[in-house]
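Residue numbers (the numbering used here), protein chains in the order written: chain X, 1 to 322; chain B, 1001 to 1322.
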C-alpha cells in the first residue's frame, strides 16, 4: 500500500468543519477563512517516541494526546480552534496502529469541531508533529506579557497527577501505590481547557499559559515576559486525592514542577472575579485562585498557610537537560 | 544548555515580519493578522534523515530546502507567504550544525519576507517539520480541481536535474558524469516559485501543483481532482544540458518522474496566454507551454514530435513503496 493510500484510508475523516474550512486535505495547501477581522493563532508541537511517550503507548491515547497538547496552546491564548495539520513519520505501515491512533485523534478533534485539514506521512522513526490554527478577536488574546501587578493568579483543575503517573510507570519507589483510571488519564488522555480559555478571553483575563513543564516553571515564563513577580499560596493549591498520601517533598514536586498538566494558569484583575467565576461555571471547569501578581520582576514567592515564604527546590522539565 | 536557550540563540532571527505578524516566537501561540477578507493557505511537510536527505547533508542546504519545499506548496496555491513554524527533533545540541542550519533557513525566509513565528525543539532522531502560512484572495487559489478541458498546460523552469544529482550521489552508473554546481543546487537548494505563483493567481490560471514526486505523477493528481485528461508534447519539455547526454530511457525518467523538482505545473485557458507570459516575465521565471488538458478523465497521453503517442513506463516516488 502506498503513502497516499495510507493517508486516504485513515485520515480522511469527516469532522464537521464548521464554516472556516474552504478546502481540506488533498491539495498543495488547505484553505481556511477566519471570521472577519479576527487574528489567527498558530502553534506547533512535536512528539517523539521515548521522550514524550513510551514505545508501547496505546496508540489511541497517543492520538488523543498529540492533538490535546496542541489544543491546549490555543486554549492558553483564548483562541477558538479552526483546524490542524498532522505530519507523521512511521517506522512501518501498521494498519491496526493507525486505526487506533486515528480513533483517538478524531475523537478529540470532533469534540472540539477542529478538523484535520492537511499533513504529511513519511517513513522514519516514530514522530508526530501537529500544528493547530485558531482565531481570536484582536486585543483579546491571553498573552504571557499581559500580567499586571495586583492581578489575581488562577489555575484550572489541579496539577501533579500526570507526573505521579509517569513516576509510577517508571517504577519510582515513592509512586508505586495503585493508581485510579482517572489519575492515569491525566497523563495519557489530558483534557485541554478550550471552552474555559475562549470565555476567559472575553471575561477580561490578562495573561495565560498552559502548564506543560510544571506550574512554577511555566509561571516563570509569565513573570519574565510581563516583568512582574508572583506569590503562590501553597495551601490554596487543589490537591488530588492520589497526591495526599505522598511524602511532602514529592507532593510539592508533583504540584509545582510536575509537567504534562495541560491546565491553564492565568491572571485577571480583581474586578474580573465575578466574570472569571462565570467563565468557570459556563465551561464546567474548576478554577481556583492560588495567589497574586506582584511588582518585583521575576520574584516568585511560595507562601505557607501563615503567609510565610517557604524555600522549595524545584526543577522544570527540560528535554535537553542532562 | 537548556532547550529554551537553544531556541533563543539560533531561532530568534529578525526576519522583517511585514504587517501580518502580531506576535512571534515566545508565547503559547503566534498571532497573525491576514489581510482583510483573504483566505489562509496552510501546508505541513516533514523531512526525515535517510529518506529526504543523507545523514551527511550540509546543514545550511538542509535549512534552505526544508523551508523551500514548504514555500513551494504556497506557490502552487498562488498564496503570499506570511510566516512559518519549525518543529525540530535533534539527536544532540550541536551548535555548529544549528548555526549553519539557521543560516540556510533564514537566508530563504528573508528572501521571501516569511518570518519564523513559532515552533518546538526536542531531542530525538533528526526530523524537521515545517508548517507555512500564506494568504490568497477568495476565488484566486490555484486548486488541483480547477483544470478544464481545453486549458493549456505549462511548466516553470525545467525538471530532472534533482533526480540526476540524487542518482549521482547514490553512485548509479548512468549518472556518474561530473555535475555542475548549478545542477547539484537543483537537489540541494531548490528555488520555490512564489513570485510566479502569486502572479498566476491574478493572471487567470486555473489549476496548479508543485512538482515534488515527478511531472507525470503530479499531473495525475490534477487530472484526478479535476476529472480531466492531458497530453504532454514530450519534445516541448525543456531539457537541461546535464540531461542531454543521458541514455534516452533515463532522460525520460528524470524529466517525467524525477521528483524533488519544486517547479510549478499549471493550467490556464488559451485566452490567458498573454497574461501568463507577463507573469513569467515579471517574476523572471522561465515558463514553457508543454501540452493541453483534454476531456477524457484520467487519461494522460505522451506525444512525440509528430503528435503520436509514446508508451513510457514511469514510476512516481513513494515513501512507502517497497
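All C-beta atoms in this analysis are idealised placements derived from N, C-alpha and C, irrespective of residue type, glycine included.
- Within the region 140-164 of chain X, those residues whose Cβ lies closer than 9 Å to any Cβ of chain B are, in chain order, 141, 142, 143, 144, 145.
- Taken atom to atom, the span from the alpha-carbon of residue 291/X to that of residue 260/X is near 21 Å.
- Along the length of the region 1165-1234 of chain B, whole alpha helix (DSSP H) runs at least 4 residues long occupy 1181-1188, 1194-1202, 1215-1226, reported in chain order.
- Taking C-alpha positions only, residue 119/X is separated from residue 100/X by approximately 18 Å.
- Non-local C-beta neighbours of residue 253/X in its own chain, meaning closer than 6 Å and more than five positions away in sequence, are absent.
- Counting C-beta atoms within 10 angstroms of its own C-beta, residue 1299/B has fewer than 16 neighbours from the protein chains shown and is therefore classed as exposed.
- No Cβ of chain X is located within less than 7 Å of the beta carbon of residue 1241/B.
- Between the beta-carbon of residue 32/X and that of residue 83/X there is about 6 Å, and that keeps the pair under the 8 Å contact cut.
- For residue 1280/B, the CB contacts under 6 Å within the same chain, skipping 5 residues up- and downstream, are 1287 in chain order.
- Per the coordinates, the alpha-carbon of residue 66/X lies some 10 Å from the alpha-carbon of residue 127/X.
- Rounded to the nearest angstrom, the gap between the Cα atoms of residue 86/X and residue 1214/B is 23 Å.
- Scanning the region 85-143 of chain X for uninterrupted alpha helix (DSSP H) segments of 4 residues or longer gives 95-111, listed from N- to C-terminal end.
- Closest by C-alpha distance to residue 1244/B, out of 1042/B, 1160/B, 1152/B, is 1160/B.
- Runs of the alpha helix (DSSP H) spanning 4 or more residues and lying entirely within the region 1033-1082 of chain B occur at 1059-1077, in chain order.
- Interface residue (Cβ-Cβ distance to chain B less than 7 Å): residue 35/X is not classified as such.
- The C-beta of residue 1127/B comes closer than 7 Å to at least one C-beta of chain X.
- Proximity of the region 201-219 of chain X to the region 138-157 of chain X meets the contact definition, three or more beta-carbon pairs being nearer than 8 Å.
- Nearest neighbour of residue 1185/B by Cα position, chosen from 1093/B, 1196/B, 1061/B, 1143/B, turns out to be 1061/B.
- Here residue 1050/B is exposed, its C-beta having fewer than 16 other C-beta atoms within 10 Å.
- Contact between residue 1205/B and residue 1106/B does not hold, since the beta-carbon distance rounds to 30 Å and is not under 8 Å.
- Assignment of residue 1276/B by DSSP, reduced to helix, strand and coil, places it in the helix class.
- Residues of the region 200-223 of chain X with a C-beta less than 8 Å from any C-beta of chain B: 208, 209, 210, listed in chain order.
- Within chain X, the residues whose beta carbon sits less than 7 Å from that of residue 1133/B are 42, listed in sequence order.
- Closer than 7 Å to the CB of residue 1246/B there is not a single CB belonging to chain X.
- Going by DSSP, residue 1248/B is part of no beta strand (DSSP E) but of the alpha helix (DSSP H) stretching over 1248-1257.
- The three-state reading of DSSP puts residue 1152/B in strand, counting E and B together.
- In the three-state DSSP reduction, residue 1243/B falls in the helix class (H, G or I).
- The Cβ atoms of residue 1148/B and residue 1221/B lie no closer than 7 Å to each other.
- Rounded to whole angstroms, the gap between the alpha carbons of residue 249/X and residue 223/X is 24 Å.
- In the structure shown, residue 1281/B adopts helical secondary structure according to DSSP, grouped into three states.
- Only 1073, 1074, 1076, 1077, 1079, 1085, 1087, 1089, 1093 from the region 1071-1103 of chain B bring a Cβ to less than 7 Å from some Cβ of chain X.
- Counting other Cβ atoms within 10 Å of its Cβ, residue 1177/B stays below 16 and is therefore classed as exposed.
- Along the region 1106-1128 of chain B, going in chain order, the ones with a CB nearer than 8 Å to a CB of chain X are 1117, 1118, 1119, 1120, 1121, 1122, 1123, 1124, 1125, 1127.
- Counting along the chain, residue 300/X sits inside the beta strand (DSSP E) bounded by residues 300-303.
- Among the CB atoms of chain B, one or more fall inside 7 Å of the CB of residue 46/X.
- With respect to residue 1230/B, residue 1146/B sits apart: the two C-beta atoms are not nearer than 7 Å.
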